[in-house]
Amino acid sequence: MYTEKVMDHFANPRNVGEIENADGVGEVGNAKCGDIMKIYLKIDNDVVSDVKFKTFGCGAAIATSSMATELIKGKSISEVEKLTNKAVVEALGGLPAVKVHCSVLAEEAVKAALADYYTKIGRDTSSLNTCDGCCGACGSHDHGDH
Amino acid sequence: MYTEKVMDHFANPRNVGEIENADGVGEVGNAKCGDIMKIYLKIDNDVVSDVKFKTFGCGAAIATSSMATELIKGKSISEVEKLTNKAVVEALGGLPAVKVHCSVLAEEAVKAALADYYTKIGRDTSSLNTCDGCCGACGSHDHGDH
Amino acid sequence: MDAERLVYVDNAATTKVSKSVIDAMMPYFHTHYGNPSSELYGMGREARVALEKARLGISEMLGCEPGEVFFTSGGTEADNWAIKGIAESAKKAGKGNHIITSKIEHHAVLHTLERLEKQGFEISYLDVYDNGIVRAEDLEKAIKPETILVTVMFANNEIGTIQPIKELAEISHKHKIPFFTDAVQAVGKLDINIKELGIDALALSGHKLHTPKGIGALYVRKGLKFPNLIEGGGQEKGRRSGTENVAGAVALEVALRESLGDKEGREKVRAMRDYLAENLSKIPYSRINGDMKNRLVENLNVAFEFIEGEGLIMLLDMVGICASTGSACSTSSLEPSHVLRALGLPHEICHGSLRISLSSENTMEEMDYIIEKVTWAVGRLRSMSPLYEKLLESQKTEQ
Amino acid sequence: MDAERLVYVDNAATTKVSKSVIDAMMPYFHTHYGNPSSELYGMGREARVALEKARLGISEMLGCEPGEVFFTSGGTEADNWAIKGIAESAKKAGKGNHIITSKIEHHAVLHTLERLEKQGFEISYLDVYDNGIVRAEDLEKAIKPETILVTVMFANNEIGTIQPIKELAEISHKHKIPFFTDAVQAVGKLDINIKELGIDALALSGHKLHTPKGIGALYVRKGLKFPNLIEGGGQEKGRRSGTENVAGAVALEVALRESLGDKEGREKVRAMRDYLAENLSKIPYSRINGDMKNRLVENLNVAFEFIEGEGLIMLLDMVGICASTGSACSTSSLEPSHVLRALGLPHEICHGSLRISLSSENTMEEMDYIIEKVTWAVGRLRSMSPLYEKLLESQKTEQ
Ligand SMILES: Cc1ncc(COP(=O)(O)O)c(C=O)c1O
Ligand SMILES: Cc1ncc(COP(=O)(O)O)c(C=O)c1O
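Protein sequence lines, in the order shown, are assigned to chains R, G, H and W. Going by this note's numbering, the first residue of the first sequence is number 1, and it counts up by one from there. Going by this note's numbering, the first residue of the second sequence is number 1001, and it counts up by one from there. Going by this note's numbering, the first residue of the third sequence is number 2001, and it counts up by one from there. Going by this note's numbering, the first residue of the fourth sequence is number 3001, and it counts up by one from there.
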């Protein structure tokens, strides 16, 4: 059911951990739904110089978190703003339909961390369109393609 | 489904054939129903000195005919009058429920041959309670136990 | 008696499981025995992969999509599911209550329809004339505004006649009626391309093709929706629940592939069948039942007058030949085969029928043995038959 | 990673077909492969004899009559048939429309009931409290004049809890309501005497007992009549049509006999399970789900807080352990197991559940391996878990 890429990111997740005194921290999902993702960002000169994650969730949740951190590491925050769940899914070589929501959560977690950073430095967060919901459950907005 | 006795009487039927100038001939059943039994009797001094049969019908029809002839051969006609389908079934060690009608037919064929003999010699046939029907189909009288 | 000898020519009833099928199943018994729903670990994934590979192979061979193939426990379940399902969904949708079928369907179809009849459906039975084949124009005439299903078998199990499925499907579709076919006797024996034929649902069974008993499948055209027969864990895309018979599915794929691939075997079977037909026809007062052209090469059905089929089969059994009959006596109903009666044959001829159904494992030498033994058995039964006696007497009088 | 190693502890999902079962089936694949309905020749009779011998053996082991045992394609079909059949016959007879069941039934029962609900039946679900066991007095209270069926499973597939079947059957009978039980997880594992328990219908499945997938049976008390699920050739005394799965029936008898006979194996399994329970409980923030006394000896269900089960199963798979979870993520519904939720457990605990189901083929050494690897996997997932991070932080603050 999972691609080799997913299995690799599950078995050897990149960037697991915490960053002390992170510049931005985002946490989305909730335990009831079975998925929580927490992303820590270190940002230098508008570039993601370091990123870590912690995830409570299924194999796909761990793999999408890992892949999302890989996709944004070293990237400028304007690039990070453009991260989509679709990009995560594609980078993983696909996800089973019932697991696409994990990629949405990963996108949301990154955006939430970025929003936290923006808030801290007093920048407007409206460009981020964030959400901290339990994605499988909220149904309140559409993330396209899933 | 068939007992060994039935198989033996089917594979090696006793008394198959015709008797020329028989004293009594009885034929019951019809081709449509798939069973016809014809019994030939030779009667000397009120004793069945010879008996032959021809049967169109299933394995049980052949076996019951064969057994019926065995049961009456050498018997006095008063004994033959008492032949029942039940006796035939018992002598064969039993018959599948759907095949009991064959034993009824065998009884009827013997009675019909006897009736033919009685008619020839001018004896009353009412004691015989004969029928020449297609037993599975007629449903007009009850032969007990089947 | 030749007790040692065994000549199995009842392959329309069931078949020997072929060695290659056993070999193909075996790993799914003792090595990859996982539950295909347990996809989180290797053993479950292996089972899932095997199941889907089997489905894909079958769909390719039948000319449909893998997502249109649902495994069942056999032909009977597939027949029940399709017919009851389509009827139920028509009822729910407030559509009509009329179903058209043929007079020579298998009991899996006929008894299912009888059940629906009790629930208020009306069934029309298409005639098959004396050759055992439905006429397309009769279907056209039988269709009413209330017709919600046409179900006609692909090939008949007793007389092997092949129905004009493509025409029947076309006529059904012209009237927007789904067309289902019980293809249990046809799949693996005929080249069937479901899409080309335009079939909406099709039932098949493995044990007629050298798999174990207990596996079959239902093809359902994408988009055709009807209620499940069996609810539960949501297997088979939620349409047929129950832990999937992985080994059975694998067996079905292998058996179908072998059967379709063996063109040589088919020609051999045809030659054997024709040889048998020619020689058994030489027995006086015999006749072949069902069309000889539009017919499975595996099948021969001969009727011998003045005798009854059960005795014939029992005598053949005594010499090691396994065959079958449409005689009443072989059933519990005391009525001869509805298929033979549909041909317009009188009861007495139906009673004397013999069905021989070959497989490519049979040999020409066995055909000679069968000819010899059938001739012997028919003769023996006739010598006991009062009907034959009458015939001979009447011939004497005529002379 | 220890790719060579394979430790299968998901025997409640399905089992390896045992060698003796394969050996017992084999002759029915390639030697006595006849159709049991072809009783007119030896090969058919052999199949019939084997089928009826299997039925007799099973009936003796279950404490019922052979005529009360009907073979099916598995547990799901048996569940569907009994429940839909009893409901349909009640409907026809103009009886009530109320059915009582438990909250922890298998989907084969629950989804069948949901289907009936759509057709106007009303379903009451008995609570199982925090130990996973129905209370007889709750059944008494739930019964209404309209109740036409009580269906409560014998033993649960996820947590292994055993229900008070005898009391439930007695209460049902006091009110003249038939009592059906899905005993798929119980048959072969518990000593079940149907007559003593007073059960009216009971479903079982072979592949939980080391037969191939695709064979099961329904016991129906003599005199209890309800419509067929599958119509056709009239097999199984006219109640379940379709060519009988002879090899499957033989397999079922052998497997049941072996399972019931292996008292030693059962004690070994109990010892292994208890050892596992003791040691896995040592992992902090873990808890055992379901009553430990009224429970199948094969089953252990543990929840580990702060982690999610799917990842746990995947990590165990990486080290060759096959087990399962009631986590939402292992299903397509995104809801954790209804069984664990019925115990009153919060979602987050359900998510972290691990089910281990043993067979007598497992070894104590494997238990040590499982303990080691589960401890490792839980630790690893917790080290990635933001929930566990929070816990550790809160503990720091408390100190
Ligand atoms: C309790 C229970 N009922 C029913 C079933 C369904 O049985 P089967 O897989 O044989 O259809 C299962 C297992 O899948 C089960 O555990
Ligand atoms: C034409 C036809 N339909 C249906 C069936 C039933 O198939 P199964 O025995 O797999 O249930 C058979 C054979 O028994 C058949 O010949």
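Think of the CB as a built atom: it goes at the ideal place given N, C-alpha and C, for glycine as much as any other residue. Here the structure is a predicted model, which is why all the values come from computation and not from measurement.
Given E3146(W) as reference, the closest of A3090(W), Y3125(W), M3364(W) once Cα atoms are compared:
Looking up residue 3146(W) in the fourth sequence gives position 146. Nearest C-alpha to E3146(W): A3090(W).
Which residues of chain W have a Cβ atom closer than 8 angstroms to the Cβ of T148(R), listed in chain order?
Since the first residue of chain R shown is 1 and the last is 146, residue 148(R) is not available in this structure.
Rounding to the nearest angstrom, what Cα-Cα distance links I3192(W) and S2324(H) in this structure?
Indexing the fourth sequence from 1 puts residue 3192(W) at position 192. Indexing the third sequence from 1 puts residue 2324(H) at position 324. If I take the Cα positions, the gap works out to 41 angstroms.
Go ahead and label I2098(H) buried or exposed: buried means 16 or more other beta carbons lie within 10 angstroms of its beta carbon, across all protein chains shown.
In the third sequence, the residue the question calls residue 2098(H) occupies position 98. Correcting the residue type first, residue 2098(H) is His in the shown sequence and not Ile. Answer is buried; the Cβ neighbour count reaches 16.
Could one say the Cβ of A1031(G) lies closer than 9 angstroms to chain H's Cβ atoms, at least one of them?
Position 31 of the second sequence, counting from 1, holds the residue named residue 1031(G). Cβ-Cβ to chain H under 9 angstroms: yes for A1031(G).
Taking I3370(W) as the query, report the chain R residues whose CB atoms sit under 9 angstroms from its CB, ordered along the chain.
Counted from its first residue, the fourth sequence places residue 3370(W) at position 370. Correct list: empty, because the minimum Cβ distance to chain R is about 19 angstroms.
When you check each C-beta in the segment 3348-3368 of chain W against every C-beta of chain H, which residues fall closer than 8 angstroms?
none
Using only CA atoms, which one of H2107(H), S2037(H), I2083(H), N2362(H) lies nearest to R3240(W)?
To locate residue 3240(W), count along the fourth sequence from 1; it is residue 240. Answer by Cα proximity: H2107(H).
Could you work out which residue in T3072(W), V3152(W), I3159(W), A3047(W) is closest to I3177(W) when comparing CA atoms only?
Here residue 3177(W) corresponds to residue number 177 of the fourth sequence, with the count starting at 1. Per the Cα distances, V3152(W).
9 angstroms Cβ cutoff met for Y2041(H) and C3322(W)
Taking the third sequence and counting its residues from 1, the one referred to as residue 2041(H) is at position 41. Taking the fourth sequence and counting its residues from 1, the one referred to as residue 3322(W) is at position 322. In contact: Y2041(H) and C3322(W) (Cβ atoms closer than 9 angstroms).
Taking the C-alpha atoms as reference points, what is the distance between K2092(H) and F3154(W)?
Start at 1 with the first residue of the third sequence, and residue 2092(H) comes out as number 92. Start at 1 with the first residue of the fourth sequence, and residue 3154(W) comes out as number 154. So the two alpha carbons sit approximately 35 angstroms from each other.
Which first and last residues belong to the alpha helix (DSSP H) in which T1069(G) is found?
For the purposes of this step, residue 1069(G) is taken as the residue at position 69 of the second sequence. From DSSP, the alpha helix (DSSP H) with T1069(G) extends over 1059-1072.
Using a C-beta to C-beta distance shorter than 9 angstroms, which residues of chain H count as neighbours of A1011(G)?
To locate residue 1011(G), count along the second sequence from 1; it is residue 11. The answer, in chain order, is M2001, M2314, L2315, M2318.
Considering just the uninterrupted stretch of the alpha helix (DSSP H) at I3370(W), what are its terminal residues?
Stepping through the fourth sequence from its first residue, residue 3370(W) is reached at position 370. I3370(W) -> alpha helix (DSSP H) spans 3364-3383.
By the criterion of Cβ-Cβ separation under 8 angstroms, what are the contact partners of G3344(W) in chain R?
On the fourth sequence, position 344 is the one that residue 3344(W) refers to. Within chain R, no residue comes near G3344(W); the closest Cβ sits about 14 angstroms away, beyond 8 angstroms.
According to the neighbour-count rule (16 or more other Cβ atoms, all chains shown, within 10 Å of its Cβ), is E2114(H) buried or exposed?
Looking up residue 2114(H) in the third sequence gives position 114. Burial call: exposed.
Note down the Cα distance separating N2299(H) from G2160(H), rounded to an integer number of angstroms.
By one-based count along the third sequence, residue 2299(H) stands at place 299. By one-based count along the third sequence, residue 2160(H) stands at place 160. Distance between the alpha carbons of N2299(H) and G2160(H) is about 5 angstroms.
C-alpha distance - E2278(H) paired with R2287(H), whole-angstrom precision
Reading the third sequence from its first residue, position 278 is the one you call residue 2278(H). Reading the third sequence from its first residue, position 287 is the one you call residue 2287(H). Going by the C-alpha atoms only, they are around 11 angstroms apart.
Within a Cβ cutoff of 7 angstroms, which residues of the same chain sit near A2136(H), ignoring the five residues on either side of it in sequence?
Locating residue 2136(H) in the third sequence gives position 136, counting from the first residue. Cβ within range, chain order: P2164, E2167, L2168, I2171.
Grab me the residues of R14(R)'s own chain with a C-beta within less than 7 angstroms of its C-beta, minus the 5 sequence neighbours each way, in chain order.
If you number the first sequence from 1, residue 14(R) lands on position 14. Counting only Cβ-Cβ distances below 7 angstroms, and skipping sequence neighbours, we find S66, T69, E70.
I2288(H) - containing beta strand (DSSP E), residue span:
Taking the third sequence and counting its residues from 1, one reaches residue 2288(H) at position 288. That run of the beta strand (DSSP E) goes 2286-2288.
Going by C-alpha distance, which of D3200(W), E3065(W), R3055(W) is nearest T3072(W)?
Residue 3072(W) sits at position 72 when you count from the first residue of the fourth sequence. Nearest option by C-alpha distance: R3055(W).
Quick check: is any heavy atom of ligand 2 less than 8 angstroms from the C-beta of N2157(H)?
For this step, residue 2157(H) is matched to residue 157 along the third sequence. True, at least one ligand heavy atom lies under 8 angstroms from that Cβ.
Residue range of the alpha helix (DSSP H) that includes K86(R)
Walking along the first sequence from the start, residue 86(R) turns up at place 86. Element bounds for K86(R): 85-91.
If you draw a straight line from the C-alpha of S3337(W) to the C-alpha of N3157(W), how long is it?
For the purposes of this step, residue 3337(W) is identified with residue 337 of the fourth sequence, where counting begins at 1. For the purposes of this step, residue 3157(W) is identified with residue 157 of the fourth sequence, where counting begins at 1. Going from the Cα of S3337(W) to the Cα of N3157(W) covers about 11 angstroms.
Proximal residues to L2006(H) (C-beta, below 6 angstroms), its chain only, five neighbours per side dropped
Start at 1 with the first residue of the third sequence, and residue 2006(H) comes out as number 6. Taken in chain order, the residues that qualify are G2320.
Step through the CB atoms of chain R and report whether any lies within less than 9 angstroms of the CB of F3306(W).
In the fourth sequence, counting from the first residue as 1, residue 3306(W) sits at position 306. Yes, F3306(W) lies at the interface with chain R (some Cβ there is under 9 angstroms from its Cβ).
Expected contact under 8 angstroms - CB spacing of A60(R) and C102(R) to nearest Å
Here residue 60(R) refers to the residue found at position 60 of the first sequence. Here residue 102(R) refers to the residue found at position 102 of the first sequence. Rounded, the Cβ-Cβ distance is 4 angstroms, consistent with contact.
Same chain only: Cβ atoms within 6 angstroms of I2148(H), ignoring 5 sequence neighbours per side
Numbered from 1 along the third sequence, position 148 holds the residue referred to as residue 2148(H). Correct list, in chain order: A2090, K2095, G2096.
Under 8 angstroms by Cβ, that's how I've got I3086(W) and F3226(W) pegged, so tell me the actual separation to the nearest angstrom.
Numbered from its first residue, the fourth sequence carries residue 3086(W) at position 86. Numbered from its first residue, the fourth sequence carries residue 3226(W) at position 226. So it is a contact: roughly 5 angstroms between Cβ atoms.
List the residues of chain R that E3004(W) touches, going by C-beta distances under 9 angstroms, in chain order.
Here residue 3004(W) refers to the residue found at position 4 of the fourth sequence. The contacting residues do not exist; E3004(W) stays about 17 angstroms from chain R at best.
Alpha-carbon to alpha-carbon, F3180(W) and R2027(H):
Looking up residue 2027(H) in the third sequence gives position 27. Looking up residue 3180(W) in the fourth sequence gives position 180. According to the sequence shown, residue 2027(H) is Pro rather than Arg. Approximately 36 angstroms between the Cα atoms of the pair.
For the alpha helix (DSSP H) containing E3170(W), list its first residue and its last residue.
Along the fourth sequence, one-based indexing puts residue 3170(W) at 170. Taken as a continuous stretch (DSSP letters only), the alpha helix (DSSP H) holding E3170(W) covers 3165-3174.
Within 8 angstroms of chain W by C-beta, residues of the segment 2096-2108 of chain H in sequence order
H2106, H2107, A2108
From Y2033(H) to K3396(W), what does the alpha carbon distance come to, in whole angstroms?
What you label residue 2033(H) is simply residue 33 of the third sequence in a count that begins at 1. What you label residue 3396(W) is simply residue 396 of the fourth sequence in a count that begins at 1. Spanning the two alpha carbons is a distance of roughly 48 angstroms.
Does the distance from the C-beta atom of V2017(H) to that of H2210(H) stay below 9 angstroms?
Position 17 of the third sequence holds residue 2017(H). Position 210 of the third sequence holds residue 2210(H). Yes, they are a contact pair.
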